[in-house]
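Chemist: Once you've had a glance at the structure underneath, I'll fire off some questions.
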Amino acid sequence: MPPLEPGAYMRRRTFLGAVGAVAAGYPLAAQAQQAMPVVGYFINGTADGYAAQTRAFRQGLEEAGFRENQNVTITYGWTDGDLDRISAMTAELIQARVSIMVTNGGTVRSVAAATKTIPVVFVGGGDPVQTGLVSSFNRPSGNITGIVQFGGALGAKRLELLQQLVPRVSRVSLLSNPDGPTTKRVVADVEKAAQTLGLQVELLEARNEQELRAALIALKSAPDHALLVTANPFFLSHRELMTSLVARQRIPAMYDFRDYAEAGGLMSYGASLSEAYRQMGIYTGKILKGEKPGDLPIQQPTKFEFVINLKTAKALGLAVPDRALALADEVIE
Numbered sequence: 004m005p006p007l008e009p010g011a012y013m014r015r016r017t018f019l020g021a022v023g024a025v026a027a028g029y030p031l032a033a034q035a036q037q038a039m040p041v042v043g044y045f046i047n048g049t050a051d052g053y054a055a056q057t058r059a060f061r062q063g064l065e066e067a068g069f070r071e072n073q074n075v076t077i078t079y080g081w082t083d084g085d086l087d088r089i090s091a092m093t094a095e096l097i098q099a100r101v102s103i104m105v106t107n108g109g110t111v112r113s114v115a116a117a118t119k120t121i122p123v124v125f126v127g128g129g130d131p132v133q134t135g136l137v138s139s140f141n142r143p144s145g146n147i148t149g150i151v152q153f154g155g156a157l158g159a160k161r162l163e164l165l166q167q168l169v170p171r172v173s174r175v176s177l178l179s180n181p182d183g184p185t186t187k188r189v190v191a192d193v194e195k196a197a198q199t200l201g202l203q204v205e206l207l208e209a210r211n212e213q214e215l216r217a218a219l220i221a222l223k224s225a226p227d228h229a230l231l232v233t234a235n236p237f238f239l240s241h242r243e244l245m246t247s248l249v250a251r252q253r254i255p256a257m258y259d260f261r262d263y264a265e266a267g268g269l270m271s272y273g274a275s276l277s278e279a280y281r282q283m284g285i286y287t288g289k290i291l292k293g294e295k296p297g298d299l300p301i302q303q304p305t306k307f308e309f310v311i312n313l314k315t316a317k318a319l320g321l322a323v324p325d326r327a328l329a330l331a332d333e334v335i336e
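Position 174 of the sequence shown, counting from 1, maps to 177 under this note's numbering, and the rest follow consecutively.
Take a look at the structure:
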């Protein structure tokens with residue numbers, strides 16, 4: 004049987020149906036002997052929005068020796084951007100006695116608080132030591148390990164690159180999700196960097212699709228105006244909508260992941276999110292083979308990519324300076 008696409012598990016009512024039939028009534032040790040291990044893939048986002056990352060996760064899992072529906076079962080859970088669902092979905096995973104949980108962004112703390120025994124592998128943007136999630140990068144200890152992106156710490160660099168690509172910019176709208184666990188710190192860092200660069204920052208907030216549409220439609224094109232989008236799983240899941248609305252408003256914009264530039268965004272700067280999910284798949288396989296999560300170091304990105312969508316630049320009437328092109332790791336034509 005070919006691997007099931009994650010969209011088949013989008014609804015919360017069904018996302019634990021398969022594993023519940025296997026796990027109900029069985030101790031964890033007995034389950035491991037009688038059935039394939041079950042991975043709870045619990046993502047703050049949508050199945051469509053994270054399709055590329057999910058493929059990368061399965062790739063990493065296969066590299067570690069596990070293929071879906073052959074020697075491992077994956078149960079998919081999606082918040083669809085609704086943070087109110089996180090606690091209930093976390094509880095269902097715990098009750099279903101999954102072998103391991105993998106998660107991201109705003110769901111990490113809920114999962115970490117709910118279990119101290121089930122292994123947890125995460126992809127996140129903040130500093131897990133600073134927030135108390137793990138004790139150290141080299142030896143996380145406990146039941147948690149993962150991959151960090153440090154996307155929020157790159158605000159100053161993104162502003163600098165934005166200014167180089169669009170030198171006329173003096174005002175930047177900063178779009179963030181106020182419910183994000185690192186939003187306050189990211190906003191403060193960007194505002195501090197903007198002062199150094201002589202830029203004025205205007206704050207925009209969006210928690211859901213309705214607010215996102217309203218915020219982006221309200222943007223007005225002006226020669227000195229640009230947009231900076233902070234890292235957030237909800238935004239990433241809606242990147243097609245975002246880049247189309249921003250293009251309609253004719254606003255030059257900087258994003259965190261290359262997925263936005265590939266979707267038509269002007270530019271992005273950050274680590275590869277798909278690579279982080281591939282590494283999460285590899286770590287999941289290692290733990291399924293018996294390694295302890297607390298012995299697996301927290302991984303950090305070693306490369307950050309600057310991507311420019313030249314087609315979008317031309318549509319905006321922007322003449323990309325040679326120095327910006329020279330800095331780009333990739334130019335999409």
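Just so you know, even glycine gets a beta-carbon here, dropped at the ideal spot from N, CA and C.
By the 10 Å Cβ neighbour count, where 16 or more other Cβ atoms means buried, how is Ala-11 classified, buried or exposed?
Modeler: The pLDDT assigned to Ala-11 is 38, lower than 50, so where the model puts this residue is not dependable; a value taken from the coordinates is nonetheless given after this. Classification for Ala-11: exposed.
Chemist: Take the Cβ of Ala-26 as the centre, count every other Cβ of all protein chains shown within 10 Å, and call the residue buried at 16 or more, exposed below.
Modeler: Caution is warranted here: a pLDDT of 35 is assigned to Ala-26, below 50, making its placement in the model unreliable, and the coordinate value is therefore given only provisionally. Buried, since its Cβ has 16 or more Cβ neighbours within 10 Å.
Chemist: Can you tell which of Glu-163, Tyr-79, Ala-156, Met-245 has the C-alpha that lies nearest to the C-alpha of Tyr-263?
Modeler: The residue with the shortest Cα to Cα distance from Tyr-263 is Met-245.
Chemist: DSSP on Ser-247, reduced to helix/strand/coil?
Modeler: Of the three classes helix, strand and coil, the one that applies to Ser-247 here is helix, per DSSP.
Chemist: Return the bridge partner residues of Gly-149 from the DSSP annotation.
Modeler: According to DSSP, Gly-149 bridges with Phe-125.
Chemist: So what's Glu-333 in DSSP terms, helix, strand or just coil?
Modeler: Correct three-state label for Glu-333: strand.
Chemist: Could you name the residues that DSSP lists as bridge partners for Leu-206?
Modeler: Bridge partners of Leu-206: Leu-177.
Chemist: Note down, in chain order, each residue of its chain lying with its Cβ closer than 8 Å to the Cβ of Val-190, except the 5 sequence neighbours on either side.
Modeler: These residues qualify, in order along the chain: Leu-177, Ser-179, Leu-206, Thr-233.
Chemist: How far does the alpha helix (DSSP H) with Leu-299 in it reach, from first residue to last?
Modeler: Segment: none, Leu-299 is in no alpha helix (DSSP H) and carries neither H nor E.
Chemist: Considering only residues of the stretch 76 to 103, which uninterrupted alpha helix (DSSP H) runs meet the minimum length of 4 residues and lie entirely inside it, listed in chain order?
Modeler: Fully enclosed alpha helix (DSSP H) runs of 4 or longer: 89 to 98.
Chemist: Would you mind sorting Ile-103 into buried or exposed? The rule is 16 or more other CB atoms within 10 Å of its CB.
Modeler: Under this definition Ile-103 is a buried residue.
Chemist: Out of Gln-203, Ser-271, Leu-202, Val-124, which one is the CA nearest neighbour of Leu-299?
Modeler: Among Gln-203, Ser-271, Leu-202, Val-124, the Cα nearest to that of Leu-299 belongs to Val-124.
Chemist: Does the stretch 132 to 146 come close enough to the stretch 217 to 237 that 3 or more CB-CB pairs lie under 8 Å?
Modeler: No, because fewer than three Cβ pairs between the stretch 217 to 237 and the stretch 132 to 146 fall closer than 8 Å, the two stretches do not touch.
Chemist: On the DSSP letters alone, give me the boundaries of the beta strand (DSSP E) that Met-257 sits inside.
Modeler: Unbroken beta strand (DSSP E) run through Met-257: 256 to 258.
Chemist: Out of curiosity, what's the CA-to-CA distance linking Gln-133 and Leu-86?
Modeler: If I take the Cα positions, the gap works out to 23 Å.
Chemist: Return the chain-ordered list of same chain residues with a C-beta closer than 7 Å to the C-beta of Phe-18, the five sequence neighbours on each side being excluded.
Modeler: Since pLDDT at Phe-18 reaches only 41, below the 50 mark, its modelled position is unreliable, and no value is offered.
Chemist: According to DSSP, simplified to helix, strand and coil, what is Met-283?
Modeler: It is helical.
Chemist: Mind checking whether Pro-255 and Leu-319 have CB atoms under 8 Å apart?
Modeler: Against a cut-off of 8 Å, the Cβ pair of Leu-319 and Pro-255 comes out as a contact.
Chemist: My guess is that Gln-62 and Arg-281 are in contact by the Cβ rule of under 8 Å, so how many angstroms apart are they, rounded?
Modeler: Right, the Cβ-Cβ distance comes to about 5 Å (below 8 Å), so this counts as a contact.
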